[in-house]
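Shown next, in structure tokens, is the structure this report addresses.
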Amino acid sequence: DTAVSQTPKYLVTQMGNDKSIKCEQNLGHDTMYWYKQDSKKFLKIMFSYNNKELIINETVPNRFSPKSPDKAHLNLHINSLELGDSAVYFCASSHLNDRVGGYTFGSGTRLTVV
Amino acid sequence: GNSVTQMEGPVTLSEEAFLTINCTYTATGYPSLFWYVQYPGEGLQLLLKATKADDKGSNKGFEATYRKETTSFHLEKGSVQVSDSAVYFCALPFGNEKLTFGTGTRLTIIP
């Protein structure tokens, strides 16, 4: 069983479209994250939810809207896609305040905006 | 705030060579330290960790020692293999809510 699963794995879309990426974890973690990885492999946190409550919202355009229907799911909706949104988006999960266990990552969603 | 500075890559080595990837940190207190690995086309996987000063984390032949004197957590392997080719990230917690990553070091091993 996959611990953190993201769909889709690849997403190619035109500028201006709206798209969603889904993430689910079956580890019983209470906290989920979205990270963006650029072409140089730099990882930057975007959002974090703990038990469906937003706890981190880094400086991200408001075209990006996370939604957490329950603590096992964290989806990312992106409106009016731009070329600069092209990146790999990773979902991750952990226990909040677990500073020992680290994160479990999904395999990523490669978004290409054309 | 907590941060990590990681050796810039890319690093290219021949098979069976000795590997060191440097990582230094700035932190309040003594947080846990992590190395993650990202194989081509995959997500990040936890490679090893150390939870307190002087601890040594190890996995798959890789080792890293948490050195508070030099605020370092360098990754080492005595004899690398082609299958070790990947991007390696040093990381530490920032507050209670997030893990902060270094810039990543791309490692390529040549047969």
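First to last, the sequence lines map onto chains S and X. Numbering of the first sequence is given in this note's numbering, commencing with residue 8 and proceeding in unit increments. Numbering of the second sequence is given in this note's numbering, commencing with residue 36 and proceeding in unit increments. Backbone N, C-alpha and C fix where the C-beta goes; we use that ideal spot for every residue, glycine too.
Checklist line | Best match in S/100, S/60 and S/19 for proximity to residue 31 of chain S [C-alpha to C-alpha] | finding: One-based indexing of the first sequence puts residue 31 of chain S at position 24. The candidate whose alpha carbon is nearest that of residue 31 of chain S is S/100.
Notebook entry, point to check: Under 8 Å between C-beta atoms, does residue 100 of chain X make it to chain S?
Noted result: To locate residue 100 of chain X, count along the second sequence from 1; it is residue 65. By this cut-off, residue 100 of chain X is not an interface position.
Notebook entry, point to check: In terms of residue numbering, what span does the beta strand (DSSP E) encompassing residue 77 of chain S cover?
Noted result: Taking the first residue of the first sequence as 1, we reach residue 77 of chain S at position 70. Segment 71-77, the beta strand (DSSP E) holding residue 77 of chain S.
Item checked: Beta bridge counterpart(s) of residue 112 of chain X as assigned by DSSP -> For this step, residue 112 of chain X is matched to residue 77 along the second sequence. In the DSSP output, where bridge partners are listed per residue, residue 112 of chain X has X/54 and X/97.
Next item on the list: Using a Cβ cut-off of 7 Å, pull out every chain X residue sitting near residue 110 of chain S, in sequence order please.
Entry: Here residue 110 of chain S refers to the residue found at position 103 when the first sequence is read from its first residue. 134, listed in chain order.
Note to self: Classify residue 39 of chain S: buried if its beta carbon has 16 or more other beta carbons within 10 angstroms, exposed otherwise.
What the structure shows: Translated into positions along the first sequence, residue 39 of chain S becomes position 32. Result: buried.
Notebook entry, point to check: Using a Cβ-Cβ distance under 8 Å, would residue 51 of chain X count as near chain S?
Noted result: Residue numbering aside, residue 51 of chain X sits at position 16 when the second sequence is read from its first letter. Residue 51 of chain X does not count as touching chain S.
Notebook entry, point to check: Based on the DSSP output, what are the partners of residue 57 of chain S in its beta bridges?
Noted result: Here residue 57 of chain S refers to the residue found at position 50 of the first sequence. Looking at the DSSP assignment, residue 57 of chain S forms a beta bridge with S/38 and S/60.
Notebook entry, point to check: Tell me which same chain residues have a C-beta within less than 6 Å of the C-beta of residue 56 of chain X, skipping the five on either side of it?
Noted result: Taking the second sequence and counting its residues from 1, one reaches residue 56 of chain X at position 21. Close CB contacts of residue 56 of chain X within its chain, under the 6 Å cut and outside five residues either way in sequence, are with 42, 110, 123 and 140 (chain order).
Margin query: Residues in the same chain with beta-carbon distance under 8 Å from residue 88 of chain X, minus the five sequence neighbours each way, listed in chain order, please.
Written below: Taking the second sequence and counting its residues from 1, the one referred to as residue 88 of chain X is at position 53. Answer for residue 88 of chain X: 65, 101, 102 and 103, listed in chain order.
Check: How would you list, in chain order, the residues of chain X whose beta-carbon sits under 8 Å from the beta-carbon of residue 97 of chain S?
Finding: Stepping through the first sequence from its first residue, residue 97 of chain S is reached at position 90. Those within 8 Å of residue 97 of chain S in chain X are 78 and 79.
Next item on the list: With distances taken Cα to Cα, identify the nearest neighbour of residue 115 of chain X among X/36, X/40, X/98 and X/49.
Entry: Within the second sequence, residue 115 of chain X is the residue found at index 80, counting from 1. Of the listed residues, the one whose Cα sits closest to residue 115 of chain X is X/49.
Next item on the list: Please check the pair residue 37 of chain S and residue 102 of chain S, which I expect to be a contact at CB under 8 Å, by giving their CB distance rounded to whole angstroms.
Entry: Here residue 37 of chain S refers to the residue found at position 30 when the first sequence is read from its first residue. Here residue 102 of chain S refers to the residue found at position 95 when the first sequence is read from its first residue. 6 Å between Cβ atoms; contact.
Notebook entry, point to check: Is there a Cβ from chain X that is less than 8 Å from the Cβ of residue 50 of chain S?
Noted result: Here residue 50 of chain S refers to the residue found at position 43 when the first sequence is read from its first residue. Interface residue, yes.
Next item on the list: Please report how far the alpha carbon of residue 45 of chain X lies from the alpha carbon of residue 86 of chain S, in whole angstroms.
Entry: Position 10 of the second sequence holds residue 45 of chain X. Position 79 of the first sequence holds residue 86 of chain S. When rounded, the distance between both Cα atoms is 35 Å.
Check: Going along chain S, which residues have a C-beta under 8 Å from residue 138 of chain X?
Finding: For the purposes of this step, residue 138 of chain X is taken as the residue at position 103 of the second sequence. By Cβ distance, chain S contributes 47, 48 and 49.
Note to self: Given this structure, state the Cα-to-Cα distance separating residue 70 of chain S from residue 115 of chain S, to the nearest angstrom.
What the structure shows: Position 63 of the first sequence, counted from the start, is the residue given in the question as residue 70 of chain S. Position 108 of the first sequence, counted from the start, is the residue given in the question as residue 115 of chain S. So the two alpha carbons sit approximately 20 Å from each other.
Note to self: Let me check understanding here. Comparing Cα to Cα, which of S/22, S/13, S/21 and S/20 lies closest to residue 28 of chain S?
What the structure shows: Indexing the first sequence from 1 puts residue 28 of chain S at position 21. That would be S/13, whose Cα lies nearest to the Cα of residue 28 of chain S.
Item checked: Limits of the beta strand (DSSP E) - the one that residue 102 of chain X falls within -> Residue mapping note: residue 102 of chain X aligns to position 67 of the second sequence, counting from 1. Taken as a continuous stretch (DSSP letters only), residue 102 of chain X belongs to no beta strand (DSSP E), as it is neither H nor E.
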